[in-house]
Amino acid sequence: MAITRNEPLFQGVEVSGKSNHSNAGMKTAIALSLILVVAAQAVHWAKMQSYRNGNTRPLYQVMIVINPGLQSAICGGSLIKQDKVLTLAHCCLGGTSFAVYLGTNNRDNSEITQKVVGSERATIHERYNASSNANDLCIIHLDREVRGQDITTIRLPSRSQVAVTFERQKALVSGWNLTKIDENITKVIMLQAEVTIILNNVCKKVYPQFTGTETLCAYASRGDDCDYGHIPGMLTIFEFDGVETQIGIGSYGPPEIEEAAAGDCGSRLPDVYVRLTEYLDWIEKWTGVTIRP
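Next up, the structure:
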């Protein structure tokens, strides 16, 4: 069975409901949205084990509900400053309000560490092109700074890494994923996969519009678990100093994904990520984050 995926990786899924910023209203919108996207996309994900310093999830990850309680859509993002979230332009397009969930690993449970912060302001890259997905970046400006024991910011690349291609390097992709427990129960949890960043000329063969200056390609290897309906997210590496650094954010995928047969996980086709080193000046301008030399 072929699954068409010629749209951006973060799909805007519409649900109806009254405008309500309460946790109950948001959870209902999220649950309905996620059920609808369970079969929309496919990629291999490995269940998250020990992630970093004994944590079982990336603490910078956020879930973004666009226009909560109305015609809601769901996206992922990363906390790059206490009041700034990095996400995709096509996630923010048409958004008038945002509910950002932080400090949570499983959207089906209200964890004690969970925080919800609102926003009615977002900055979409001025050269964003919806047709080509070029410059697919957005900054969401939170209503207040957020801190917590299970919440942290992610480090961005340095200016010295602008010329680095990251080709053949191992990296991690982490994001929200629909996990089917049985025929009647589907949960959304945070998962991660190890991926390999592939050569630019190889990616060009899959995506004629691909440009290695603004984007990079990575694909997941097969493993023990298959999970579908993911919302691909943050692409990170661990640098020599042991600190995790975000180098990309998932923008779009292959036009056609063959549904994985039993025991053969993964599409074996790469996803395309916004290359953050190309946008350091833009990020610094709109967030005030100091970029390392």
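Numbering (full-length UniProt numbering), first residue to last: 1 to 293.
Ideal Cβ positions, reconstructed from N, Cα and C, are used throughout, including at glycine.
From the options, residue whose alpha carbon lies closest to that of residue i
i, options, result
"tryptophan 286", "Ser158, Ile189, Cys217, Ile80", "Ile80"
"valine 164", "Asp143, Gly69, Gln61, Gly248", "Gly248"
"threonine 123", "Ala218, Thr87, Ser158, Ser132", "Thr87"
"glutamate 120", "Val195, Cys138, Ser97, Leu269", "Ser97"
"aspartate 83", "Gly94, Cys91, Lys115, Val243", "Lys115"
"cysteine 217", "Asp241, Ala193, Arg168", "Arg168"
"valine 162", "Cys92, Ser78, Glu214", "Glu214"
"glycine 118", "Gln209, Leu191, Ile64", "Ile64"
"isoleucine 151", "Val85, Val289, Gly212, Ile283", "Val85"
"glutamate 284", "Cys138, Cys203, Ile198, Gly77", "Cys138"
"valine 62", "Asn201, Ile189, Phe210, Val202", "Ile189"
"cysteine 75", "Phe210, Thr290, Tyr252, Leu269", "Tyr252"
"valine 202", "Ile66, Leu102, Pro270", "Pro270"
"aspartate 136", "Cys91, Gly103, Pro157, Lys204", "Cys91"
Buried versus exposed, by CB contacts within 10 Å (16 or more), residue i
i, result
"isoleucine 112", "exposed"
"threonine 236", "buried"
"arginine 275", "buried"
"phenylalanine 166", "buried"
"alanine 130", "exposed"
"proline 293", "exposed"
"serine 132", "exposed"
"glycine 242", "exposed"
"valine 195", "buried"
"glycine 288", "exposed"
"asparagine 105", "buried"
"glycine 94", "exposed"
"phenylalanine 240", "exposed"
"histidine 125", "buried"
DSSP bridge partner residues for residue i (one or two, in chain order)
i, result
"threonine 277", "Paired residue(s): none; threonine 277 is not in a bridge."
"glutamate 244", "Phe238"
"leucine 93", "According to DSSP, leucine 93 bridges with nothing at all."
"histidine 141", "Lys84"
"serine 78", "Gln61, Leu86"
"aspartate 271", "Ala218"
"phenylalanine 98", "Ile66, Ser119"
"isoleucine 151", "Gly148"
Integer-rounded CB distance, given that residue j should sit under 8 angstroms from residue i
i, j, result
"methionine 234", "glycine 175", "7 angstroms"
"alanine 89", "proline 68", "With 8 angstroms as the limit, alanine 89 and proline 68 do not qualify as a contact, their Cβ atoms being about 19 angstroms apart."
"tyrosine 219", "glycine 250", "The Cβ separation is near 12 angstroms, so there is no contact."
"threonine 245", "arginine 155", "5 angstroms"
"threonine 153", "tyrosine 279", "Between tyrosine 279 and threonine 153 the Cβ distance is about 17 angstroms, and since that is not below 8 angstroms, they are no contact."
"arginine 127", "alanine 134", "7 angstroms"
"valine 206", "glutamine 192", "Actually they are not in contact, since the Cβ atoms of valine 206 and glutamine 192 sit about 23 angstroms apart, beyond 8 angstroms."
"valine 146", "leucine 102", "6 angstroms"
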